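Protein chains in written order, with the working numbering: chain A, 13 to 92; chain B, 31 to 252. Where is the CB? At the ideal position from N, CA and C, for every residue including glycine. Treat the numbers as computed from the prediction; the structure is a model and nothing was measured.
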Amino acid sequence: MIKARVTVTLKNGVLDPQGKAIEHALGALGFGDVGSVRQGKVFDVELDGTDRAKAETELKAMCDKLLANTVIENYTVALI
Amino acid sequence: MKSAVVLLPGLNRDRDMIAALTKISGQAPVTIWETDTQIPDVNLIVIPGGFSYGDYLRCGAIAARMPVMRAVAEKAAKGVRVMGVCNGFQILLESGLLPGALMRNASLKFVCREVKLEVANANTAFTRGYRPSQIIRCPVAHHDGNFFADPETLKRIEGEGQVVFRYADGTNPNGSLNDIAGVINAEGNVLGLMPHPENLIEAAHGGTDGRALFEGVLGAAA
Numbered sequence: 013m014i015k016a017r018v019t020v021t022l023k024n025g026v027l028d029p030q031g032k033a034i035e036h037a038l039g040a041l042g043f044g045d046v047g048s049v050r051q052g053k054v055f056d057v058e059l060d061g062t063d064r065a066k067a068e069t070e071l072k073a074m075c076d077k078l079l080a081n082t083v084i085e086n087y088t089v090a091l092i
Numbered sequence: 031m032k033s034a035v036v037l038l039p040g041l042n043r044d045r046d047m048i049a050a051l052t053k054i055s056g057q058a059p060v061t062i063w064e065t066d067t068q069i070p071d072v073n074l075i076v077i078p079g080g081f082s083y084g085d086y087l088r089c090g091a092i093a094a095r096m097p098v099m100r101a102v103a104e105k106a107a108k109g110v111r112v113m114g115v116c117n118g119f120q121i122l123l124e125s126g127l128l129p130g131a132l133m134r135n136a137s138l139k140f141v142c143r144e145v146k147l148e149v150a151n152a153n154t155a156f157t158r159g160y161r162p163s164q165i166i167r168c169p170v171a172h173h174d175g176n177f178f179a180d181p182e183t184l185k186r187i188e189g190e191g192q193v194v195f196r197y198a199d200g201t202n203p204n205g206s207l208n209d210i211a212g213v214i215n216a217e218g219n220v221l222g223l224m225p226h227p228e229n230l231i232e233a234a235h236g237g238t239d240g241r242a243l244f245e246g247v248l249g250a251a252a
C-alpha cells in the first residue's frame, strides 16, 4: 500500500477571508509575530499497489479532477 | 416550452424552482435525479439552490462530478439553455461550464437578505425581459457567494458582456469582485447567479422582479 498526503492551498492573489479571521484571532491571543495566515486543506490518501510513479500520476489526476479547484487553488502531492 | 429541474441530495430550493417554472410556463418541469445519464428533450434545464452533498469539499464540487452533470454538459454543448441558481451556480462553476469560482463570503457570515441587482447585460436569452441597466430587487441566501476570477478571465468576461447581473447601490453582500452576481458562458446559453429570482415572482412574495427572467428564458425557448 502507498500512503500519500495531498496539500491544497489557495493561490497567491486569491483573498482568503477565513485565513484573515484566523490571523486576527491569533493576534488577539497575543501571538504578535503572526504576519499572515492562509488556510488550506490536507488529504491523506491510501492507494493499493506498489508502483509509486503510477500513484503520483493518479494523485495529480485526482487533484485536477476533484480535490483542488485549480481556478483558485494549488496542490502538492507527497508520497509518505 | 419544456423545462427540467435537476435534483441532488441536499438541495432545498427545488420546490420553489418547480413552483416558479410551473406557474410561469403553465407546465410542470420534469425532474432529473443525480444518477440519471439521460435528460429528456427540454428547452431549459435548471439547477436549483441548496447545499448539495452538505457543501463537502467545496460548495458544488461533489455534485459537479455526478453523472447527471455530464448529461447537463452534453445538453449545454448542443445549445440547450441551462440556469443555475445559488448552489446551482456553484455547481456550474465547479463543472467548468462557467468561468470563475465562488468563495466564502468576505464577512464570513451567511447572508439572507434582499439586495439590488443591476441587469448588466439585457441582451441575453435570460434577461431580455429587462431593460438594459435596470435595477431590480432580489433575495440572496448564501455563505459562499464571493465571486472570484483571475485578472485575465475577469477582463475577458467583462469585455464580452458575460457579466449579466451585478449587485447595485452598495448592496454587494459577499465581497464579489466587480460586484458580480451572475455570469453567462461565451455561447450565451448557460447562466449562473447567486440571487434567487424564483422567490420574487408573485405579489405574495412581496414583489415580482424575478418574473421577467423566467418569462424571458421560457419565452425565448418556446
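inquiry  = Between which two residues does the beta strand (DSSP E) holding S144 of chain B run?
reply    = The sequence shown places Glu at residue 144 of chain B, rather than the Ser named in the question. Per DSSP, E144 of chain B belongs to the beta strand (DSSP E) from V141 to V149.
### Local conformation of N229 of chain B per DSSP, three classes
helix
Reference R207 of chain B; option with closest CA among B:I214, B:G126 and B:V193: Inspection of the sequence shows that residue 207 of chain B is occupied by Leu rather than by Arg. Checked all of B:I214, B:G126 and B:V193; the closest Cα to L207 of chain B is B:V193.
Inset, instruction - Return helix, strand or coil for V247 of chain B, following the three-state DSSP convention. - result: helix
If I measure Cβ to Cβ from L79 of chain A and keep anything under 7 Å in the same chain, skipping five residues before and after, which residues do I get? V18, V20, F55 and Y87
**Prompt:** Residues of chain A with a CB under 7 Å from the CB of F81 of chain B: which are they?
**Reply:** Taking a Cβ-Cβ threshold of 7 Å, none of the residues of chain A is close to F81 of chain B; the smallest such distance is about 17 Å.
Nearest by alpha-carbon distance to S163 of chain B: which of B:R88, B:A93 and B:N153 is it?
B:N153
Inspect the beta-carbon positions of L147 of chain B and P225 of chain B and report whether they are closer than 8 Å.
-> yes
Assuming A91 of chain B contacts N81 of chain A under a Cβ cut-off of 8 Å, what Cβ separation, rounded to an integer in Å, is found between them? 7 Å
Grouping DSSP H, G and I as helix and E and B as strand, with all else coil, what is A252 of chain B? Reliability fails at A252 of chain B, whose pLDDT of 43 lies under 50, so the model's placement of it is uncertain and the value that follows must be treated cautiously. Correct three-state label for A252 of chain B: coil.
Is the CB-CB distance between N117 of chain B and N176 of chain B below 8 Å? No, the Cβ-Cβ distance between N117 of chain B and N176 of chain B is not below 8 Å.
Check your understanding: Just curious, the beta strand (DSSP E) that H172 of chain B is in, first and last residue?
Key -> I165 to H172
| query | Leaving out five residues before and five after P39 of chain B in sequence, what residues of the same chain have Cβ atoms less than 8 Å from its Cβ? | reply | E64, S82 and Y83
Assuming the contact rule is C-beta atoms closer than 8 Å, L132 of chain B and V112 of chain B should be a hit. Round their C-beta distance to whole Å, please. Actually they are not in contact, since the Cβ atoms of L132 of chain B and V112 of chain B sit about 17 Å apart, beyond 8 Å.
(message) Which residues of the region 158–189 of chain B have a Cβ closer than 9 Å to any Cβ of chain A? Give them in chain order.
(response) Under the 9 Å Cβ criterion, the region 158–189 of chain B contributes N176, F178, A179, D180, P181 and T183.
- prompt: chain A beta carbons: is any one of them nearer than 8 Å to that of G114 of chain B?
  reply: Interface flag for G114 of chain B against chain A is unset, since no Cβ pair is found closer than 8 Å.
Could you check which residue in B:P181, B:T183 and B:V141 has the C-alpha nearest to that of A171 of chain B?
B:V141
Alpha carbon of G240 of chain B to alpha carbon of V149 of chain B, nearest angstrom: Distance between the alpha carbons of G240 of chain B and V149 of chain B: 11 Å.
8 Å is my cut-off, CB to CB: does G103 of chain B come that close to chain A?
The question names Gly, but residue 103 of chain B is Ala in the sequence shown. Judged by the 8 Å Cβ criterion, A103 of chain B is not in contact with chain A.
Q.
To the nearest angstrom, how far is the alpha carbon of V35 of chain B from that of V60 of chain B?
A. 6 Å
Whole-Å CB distance - A103 of chain B paired with S125 of chain B, under 8 Å assumed:
Indeed, because the Cβ distance is near 6 Å, the residues count as touching under 8 Å.
Q: With DSSP as the reference, label I84 of chain A as helix, strand or coil.
A: I84 of chain A sits in coil when the DSSP states are folded into three classes, being neither helix nor strand.
- alpha helix (DSSP H) segment containing E74 of chain B, residue limits: As written in the sequence, residue 74 of chain B is Leu, which differs from the Glu given in the question. Per DSSP, L74 of chain B lies in no alpha helix (DSSP H); the unbroken beta strand (DSSP E) holding it starts and ends at L74 to I77.
Next on the checklist: Here's the rule I'm using: 16 or more other beta-carbon atoms within 10 Å means buried, otherwise exposed. How should A73 of chain A be labelled?
Outcome noted: Exposed, since its Cβ has fewer than 16 Cβ neighbours within 10 Å.
* Select from B:G246, B:P169 and B:P70 the residue whose C-alpha is nearest the C-alpha of H235 of chain B. => B:P169
Determine which residues share a DSSP beta bridge with G80 of chain B and list them. B:L41
What's the gap between the Cα of N42 of chain B and the Cα of C89 of chain B?
14 Å
Would D71 of chain B pass as a contact of V98 of chain B if the rule is Cβ separation under 8 Å? no
- Hey, quick one: how far does the beta strand (DSSP E) through M133 of chain B stretch, first residue to last? A131 to M133
First through last residue of the alpha helix (DSSP H) which encompasses T23 of chain B: The structure shown does not extend to residue 23 of chain B, since chain B spans only 31 to 252, so no value can be given for it.
Note to self: Can you find the residues in the same chain that come closer than 7 Å, C-beta to C-beta, to A50 of chain B, ignoring five residues on each side of it along the sequence?
What the structure shows: E228, I231 and F244
Practice item. Determine which residues of the region 134–156 of chain B have a Cβ less than 9 Å from any Cβ of chain A, and write them out in chain order. Key: Listed by position, the residues of the region 134–156 of chain B near chain A (Cβ gap below 9 Å) are R134, N135, A136, S137 and L138.
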